[in-house]
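Residue numbers (the working numbering), protein chains in the order written: chain A, 242 to 971; chain B, 188 to 536.
All C-beta atoms, glycine included, are put in the ideal place defined by N, C-alpha and C.
Read through the structure below, which is laid out as structure tokens, and then see the notes.
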Ligand SMILES: Nc1ncnc2c1ncn2[C@@H]1O[C@H](COP(=O)(O)OP(=O)(O)O)[C@@H](O)[C@H]1O
Ligand SMILES: [Mg+2]
């Protein structure tokens, strides 16, 4: 612990002296600040700002930092040191937050401070590297203080991890969402009027039930709910079928199947929609064929519930599969063997032992499918037609002619309530029962093959579905290779050339294709975000499953929050929250990366939690008593057993960063344009060929990355006895 | 190194698992925490390990206050009831684990791990996976894994409960032998009184989160302080009798029509709760010597090494064991019972 104290004290003090306190227009890497650390009002460090530029309010913060450092390094008794450190760093943090929120671009940020202290003639811009690092150092010293007092099992790493995860979620999930939800109660001028919420929500457009009784359309709330329930159930069933086939049968094309289930997830969301339109749309193949063969006039059948539902099934089954495969894999063969020796046949074993053991996984998969569906924006906008859902309503409220942020926020609130309902239902189903099935006792059972009935059912569901998927992809692929779909089917490579041309010139290669800029930006930002997403997600999962601390349930709830809120809302919320000090990062790459991380982390958390609740706790404890501290336990014991979940979290983190649309639409700039937003613009311009060509390139990229991740992380070695080949028996 | 508990309390929410216990484990001794299931043994052990921190009180190891230190910061190793072998590592990797985490290089760690495996008789099993070992072998790997760290305190949580009876005896002898050979300080949790007596220097008997009594195996067996202890430490027959003080150092105990003189344990005159060990009862066909207790055999069973009888008497139904298997008495026989003073214990008022 002294080493950690030393490191954080030094880091904090250095940051206060040799790093610019405020954010720089030029960026830290420009180096222009080096010469102005003391003299320049823009570039000065915290100490410089305080002494040379009269920013007196930094004095108490820096004093508290110095006090914390001193306390943490003095050779004191633990009983004295813990509370003292806690006090000093706690005061420092409170003061830091207070000055950051209280003083903004134009002096005091709120009126009562003006009244209380009079006008303030000073201003401050967003926090920069120095300020941020001082904040982190104070937070770390606080954690060390908590651990010294015996909090978090006396473990500084656990304390630090909890505060880190907690603080980052507060900053980048709770805070922006709170900001936008306040809007639900405010009128156009920002006055607080609670009654407005009722006006905004109690309308027929949201709650009408006319589709059930007497014809007409149902409200968007019901539409959203029906769709989400259907999608949750459908994706869970399909995901289970695929997981069972992949792990428990000798089906010959398992590997192919695995790749196939991953295909939809690495596809930008609107591509499935586009492919469905190419096949079922008005000028799609099916309609053209029916008209040609039987003279049936083209219909708009695909637009509406069926279309969105189909597209969502294709889009989200792979997520369910990723959640379920670790769970199916983790069911202890010994338990199944035990059941078989208890007079249960294979089917009874499957239905009374294996399935119930998978229940946490099933509940998780359903929750994920449900929430994905209500947060989905791409498919409803492409295929919904008259079938409006909440996320599209919000979008139109924000970008449409209405420009009614309050209504958007009110609808977002409703969406949140649905998501939370699902969340609590799921907790109720899984309850507090322990499903630990990877125990520290060597498991010498053999995985039981699936009973025939279950195998046939799984194959009957999964194989046709796989076939249709292939077909859809085939059409989408061909769509990028013909001139104009529906009219001119002449083969061409023009679309690819336009997007990805590289020319050789005297100065070397010129990346002249129209797509390169957004392509490289996407790759770079996704590559930064994915490992951070996975790391933060699995760390949070580990804390939630393995550590007992006050506020655990709150933390779990908070991790799920950004996931439950549709991307559109997150995007707008980020713009609202982060375009003014203290955190001023709108228009930077950082805000996009942060949005990726905090939006995609919850799936990592869920998958990690499901996988971790199957690993016997005594394995962690054994490591702890064998001199493995909490971080070593995580690295050498927990993570190797979590390999499937790590692959899942990394893949998901990368893929979602590449394919997401709704959240980043509001965050991209000309400098940081992303692939999906570029493609959307092409689609809007009717340039389907280029859009599909670009999407295909993205798919290839993501396939390559997934294979890379799988190779790098490797398989989990459980040391179960390998199934013997049953040869040589008479 | 010694372990000391001072008024330690552990609460989970409103439930109290350990309700204020104090004890000391001397360096180089094996002390057993004994008690019925749910009495707080595991919780106590986990607090020594640092896997749980106490709600109140202090814990000292080797004289140093470790109350708020985490498991990793304490020089303590533990053998888990489920063994907790890492399923993704070979036997050697499992045993190396703690050595590597303490900063030894690979070759050094492997050498010491091999030595540790040899000590528990598992040389040659290094490359196996845990799933390829029998229960007893897994147990030994778990012991070796904890042992190679040369911890100042070694903890066992019901280490033998997953083994068969023969293996259990063998393993407990091995553990005791190892502890004495290496001079280890060991805290051992079990609910099995025989196991506790066989391995321990001292036994701490717990009941409902408190310490009932502590002492050497012989102390506890021959001088249990409470009826609970008399019942829990070996078999005993609860009976009511009356006590009368005689010459200094001697008291007279009257059970039904029988009278026995036993050593004075400071009991007051009058009614008392008395525990009678079954092996202290001698059974003969009636009529026996004067002063004997008369009764009738209700049940008789032959167990090879001895006979077991249930006998209805004026002092209640007594359970007796009798080594004379060649002349068994059958149910319904009228008998006379004499009691050996060593097996008659006053356990309360
Ligand atoms: N994590 C926990 N949460 C709540 N109660 C617990 C917990 N661990 C143990 N207990 C309770 O504490 C008591 C003592 O448990 P334990 O120490 O495991 O007993 P044992 O003597 O059988 O090892 C039991 O009543 C048990 O229910
Ligand atoms: Mg126990």
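Identity of the residue in the options nearest residue i by Cα
i: residue 808 of chain A; options: A:452, A:517, A:618; result: A:618
i: residue 860 of chain A; options: A:496, A:324, A:877, A:776; result: A:877
i: residue 771 of chain A; options: A:947, A:454, A:514, A:513; result: A:947
i: residue 408 of chain B; options: B:421, B:222, B:326; result: B:421
i: residue 744 of chain A; options: A:693, A:757, A:669; result: A:757
i: residue 386 of chain A; options: A:250, A:933, A:474; result: A:250
i: residue 485 of chain A; options: A:602, A:293, A:467; result: A:602
i: residue 450 of chain B; options: B:438, B:210, B:458; result: B:438
i: residue 843 of chain A; options: A:755, A:319, A:776, A:372; result: A:776
i: residue 590 of chain A; options: A:909, A:690, A:852, A:924; result: A:690
i: residue 552 of chain A; options: A:531, A:528, A:517; result: A:517
i: residue 729 of chain A; options: A:370, A:814, A:527, A:930; result: A:930
i: residue 512 of chain A; options: A:721, A:440, A:481, A:825; result: A:721
i: residue 217 of chain B; options: B:457, B:201, B:343, B:206; result: B:343
i: residue 483 of chain B; options: B:494, B:470, B:354, B:514; result: B:470
i: residue 429 of chain B; options: B:418, B:457, B:345; result: B:457
i: residue 916 of chain A; options: A:924, A:910, A:900, A:926; result: A:900
Contact under 8 angstroms by Cβ, residue i with residue j
i: residue 333 of chain B; j: residue 234 of chain B; result: no
i: residue 447 of chain B; j: residue 528 of chain B; result: yes
i: residue 404 of chain B; j: residue 534 of chain B; result: no
i: residue 945 of chain A; j: residue 398 of chain A; result: no
Check: residue i C-beta below 7 angstroms from any heavy atom of ligand 2
i: residue 229 of chain B; result: yes
i: residue 861 of chain A; result: no
i: residue 344 of chain B; result: yes
C-alpha distance - residue i paired with residue j, whole-angstrom precision
i: residue 197 of chain B; j: residue 244 of chain A; result: 31 angstroms
i: residue 277 of chain B; j: residue 873 of chain A; result: 18 angstroms
i: residue 420 of chain A; j: residue 884 of chain A; result: 37 angstroms
i: residue 490 of chain B; j: residue 229 of chain B; result: 34 angstroms
i: residue 597 of chain A; j: residue 569 of chain A; result: 11 angstroms
i: residue 316 of chain A; j: residue 791 of chain A; result: 29 angstroms
i: residue 645 of chain A; j: residue 793 of chain A; result: 36 angstroms
i: residue 532 of chain B; j: residue 433 of chain B; result: 16 angstroms
i: residue 614 of chain A; j: residue 252 of chain A; result: 44 angstroms
i: residue 837 of chain A; j: residue 220 of chain B; result: 53 angstroms
i: residue 554 of chain A; j: residue 893 of chain A; result: 17 angstroms
i: residue 468 of chain A; j: residue 628 of chain A; result: 10 angstroms
i: residue 673 of chain A; j: residue 858 of chain A; result: Low confidence applies here, because residue 673 of chain A scores a pLDDT of 47, under 50, leaving its location unreliable; read the following figure in that light. Cα-Cα distance, rounded: 15 angstroms.
i: residue 810 of chain A; j: residue 268 of chain A; result: 28 angstroms
i: residue 199 of chain B; j: residue 206 of chain B; result: 11 angstroms
i: residue 473 of chain B; j: residue 486 of chain B; result: 17 angstroms
i: residue 194 of chain B; j: residue 256 of chain B; result: 18 angstroms
i: residue 483 of chain A; j: residue 524 of chain A; result: 33 angstroms
i: residue 905 of chain A; j: residue 556 of chain A; result: 19 angstroms
First through last residue of the beta strand (DSSP E) which encompasses residue i
i: residue 729 of chain A; result: 729-732
i: residue 457 of chain B; result: 457-463
i: residue 286 of chain A; result: No beta strand (DSSP E) holds residue 286 of chain A; DSSP gives it neither H nor E.
i: residue 283 of chain B; result: That residue, residue 283 of chain B, is in no beta strand (DSSP E); its alpha helix (DSSP H) goes 278-288.
heavy atom of ligand 1 below 7 angstroms from residue i C-beta
i: residue 225 of chain B; result: yes
i: residue 222 of chain B; result: yes
i: residue 204 of chain B; result: yes
i: residue 284 of chain B; result: no
i: residue 263 of chain A; result: no
i: residue 537 of chain B; result: Residue coverage of chain B in this structure runs from 188 to 536, which leaves residue 537 of chain B outside it and unanswerable.
For residue i, the first and last residue of its enclosing alpha helix (DSSP H)
i: residue 384 of chain B; result: 380-386
i: residue 151 of chain B; result: Residue numbering for chain B in the displayed model covers 188 to 536; residue 151 of chain B lies beyond these limits and cannot be assessed.
i: residue 358 of chain B; result: 352-369
i: residue 213 of chain B; result: That residue, residue 213 of chain B, is in no alpha helix (DSSP H); it is neither H nor E in DSSP.
i: residue 409 of chain B; result: 404-409
i: residue 484 of chain B; result: Not the alpha helix (DSSP H): residue 484 of chain B falls in the beta strand (DSSP E), residues 480-489.
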